Every structure is written in structure tokens, then in C-alpha cells.
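Student: What follows is a single structure, and I will ask about it in a moment.
Residue numbers (this note's numbering): 68 to 286.
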């Protein structure tokens, strides 16, 4: 069945943002005199938003700084340097073009801070494409972060769709769980953070290596 709405995760699915995340986080850690990490090491920390990333680092290193202290500095830096080496993965522009010319709606649901998510979707490569909705994390509604199904079901109802009309595309277990909790089909992008992180437990039948596989199977 051809889909009417494709919901994308952002980081690791549409955009390779590992360098931007590492850049901003390392500068925040440096500000407090804390240990920094190689960009590739951040693959072990990403997937559940910046706040969770900071929590993991604090727990790992036993820092006495609070999450809120580091987050304040981190968000200030990231908002200014969000596009540091930020690029779409191969084929993403082709996929968004295909969705556009076939009148298939597409949206983003991410555990990234909402304002940062919107800005990231406005880099030059993505400007030609109109997301019907970009939903990031509201710090006042942390319980709505993935794997919550709240935002998927809101989009379903807003556009008067059925569950079978929706495809969720992501690169990590949290995306798989979001799709499962929402009772919608899921595609696992084998080019993202989850693969680099070495996540296990993903159904092989949901994995794709190229955007062409998504187009051929679902669109």
C-alpha cells in the first residue's frame, strides 16, 4: 500500500549532524573545563536528544556540573553553529523531491530541541522542500519525546489518515519503538547513527541501504 504521510527522524536519518553535535557539545564541555570527545564517539551518546546526551556524559565521567548548567551553554552555542558540517545523507534530496511531486506529505519528529530542528530543516539543501510539520522537543513536555506515540497520532488525526497510511523512517531503536507504539510501518535507515552505534534487535526486513529501496517498496 502506497503511503500518504512519511514521518522522518532528523539526525542520522535525513541529516548527518554528528559533527555539529560534537562541535557544540565539545565547546560547552570545554567551557566548564571538562573532557571532550572525538566526533565519532558521539555516536554512542546520540538518539534521545541533547539533554539525554548530556546526562550520559555526566554519568559516564562523574561530573559535578548539572545538566541544566551544561545545557544552557550548549544550546547557546548550538543555536549559533547548528549548521557546522551539516549535510543531508546521499539520496535524501531525491527522496524529498519524489514525495513532493507525488503529493505525499512528509514531516519530521525528532528528539532534538524544537527550534534547532526547524533551523536544521532550513539548510540550503532542504529549503526547496516543504515539510508539513516539524516537531522537536518542548522542554515543558519531555514526556512527549520519542518513543512516545503522541506526535505521530496527532499528525494522523490532523491529516485525517489511517495508521496504514503512515510510514515512519528512522535510524535508531527509539524510532523503531515510536513506530511500534504508534502502530505504523517502520523503515530503518542503515546509513545512520544506529548502525555506527552497533544497535541490535532491528528486524532485517525493515532495513534499507538506499533511498531507492524506500521509494520502490512504499512510495
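Cβ coordinates follow ideal geometry from the N, Cα and C atoms, glycine included.
Owing to the predicted nature of the structure, the values given are computational and were not obtained by experimental measurement.
1. Here's the rule: buried if 16 or more other CB atoms are within 10 angstroms of the residue's CB, otherwise exposed. What is residue 276?
2. Should residue 202 and residue 176 be called a contact, given that it needs their Cβ atoms to be closer than 7 Å?
3. Cβ atoms of residue 240 and residue 266: under 7 Å apart, would you say?
4. Measure how close the beta-carbons of residue 81 and residue 196 come, nearest whole angstrom, since I'm counting them as under 8 Å.
5. Tell me the rounded alpha-carbon separation between residue 134 and residue 234.
6. Express the C-alpha separation of residue 107 and residue 74 in angstroms, rounding to a whole number.
7. Just curious, the alpha helix (DSSP H) that residue 159 is in, first and last residue?
8. How many angstroms separate the CA atom of residue 86 from the CA atom of residue 68?
9. Helix, strand or coil: how does DSSP classify residue 156 here?
10. Would you kindly work out how many angstroms separate the C-alpha atoms of residue 78 and residue 249, rounded to a whole number?
11. Have a look at residue 238 and residue 269 and give me their C-alpha separation to the nearest angstrom.
12. Please report the straight-line C-alpha distance between residue 223 and residue 229, rounded to a whole angstrom.
13. Identify whether residue 269 lies in helix, strand or coil by the three-state DSSP scheme.
14. Near residue 219, what residues of its chain come up, given a Cβ to Cβ distance below 6 Å and the 5 sequence neighbours on each side ignored?
15. Below 8 Å on the Cβ atoms is my guess for residue 112 versus residue 120; work out the distance and round it to an integer in Å.
16. Cutting at 7 Å between CB atoms, please list the residues of its own chain near residue 116, excluding the five before and the five after it.
17. How would you label residue 259, buried or exposed, when you count the other beta carbons within 10 angstroms and need 16 or more for buried?
18. Can you list, in chain order, the residues of its chain with a C-beta nearer than 8 Å to that of residue 244? Leave out the 5 residues immediately preceding and following it.
19. What are the partner residues of residue 256, as DSSP defines its beta bridges?
20. Closest to residue 232 by C-alpha separation, out of 247, 246, 251, 242, would be which residue?
21. Using a Cβ-Cβ cutoff of less than 8 Å, which residues in the same chain neighbour residue 255 once the five nearest sequence positions on both sides are dropped?
22. Please state if the CB of residue 208 and the CB of residue 174 are separated by a distance shorter than 7 Å.
23. Counting only runs that start and end within the segment 84-149, where is the beta strand (DSSP E) found for 3 or more residues in a row?
Tutor: Walking through what the data contain:
1. Taking a 10 Å sphere around the C-beta of residue 276, we find fewer than 16 other C-beta atoms and assign the residue as exposed.
2. Yes, the Cβ-Cβ distance between residue 202 and residue 176 is below 7 Å.
3. Yes. Within cutoff.
4. That pair is no contact at about 10 Å.
5. One C-alpha to the other measures close to 34 Å.
6. Rounded to whole angstroms, the separation of the alpha carbons of residue 107 and residue 74 is 26 Å.
7. Run containing residue 159: 159-168, per the alpha helix (DSSP H) assignment.
8. If I take the Cα positions, the gap works out to 37 Å.
9. Three-state DSSP puts residue 156 in coil, outside helix and strand.
10. For residue 78 and residue 249, the distance between alpha carbons rounds to 20 Å.
11. The alpha-carbon of residue 238 is positioned some 10 Å away from that of residue 269.
12. Distance from the CA of residue 223 to the CA of residue 229, rounded to the nearest whole angstrom, comes to 7 Å.
13. Coil at residue 269, not helix or strand.
14. Residues 249 of the same chain have their beta carbon placed closer than 6 Å to that of residue 219, with the five preceding and five following residues left out of the count.
15. Contact check for residue 112 and residue 120: beta-carbon distance about 5 Å, within the 8 Å limit, so the pair qualifies.
16. So the qualifying residues of the chain are 178, 179, 204, 212.
17. Classification of residue 259: buried, given that the 10 Å Cβ count is 16 or more.
18. The residues 213, 214, in chain order, have a CB closer than 8 Å to that of residue 244 in the same chain once the five nearest residues on each side in sequence are set aside.
19. Within the DSSP bridge table, the entry for residue 256 names 275 as partners.
20. Distance from the Cα of residue 232 is smallest, within the candidate group 247, 246, 251, 242, for 251.
21. Cβ within range, chain order: 237, 238, 242, 243, 261, 269, 270, 273, 274, 275.
22. Residue 174 is not a Cβ neighbour of residue 208, given a cutoff of 7 Å.
23. DSSP runs (the beta strand (DSSP E)) wholly in the segment 84-149: none.
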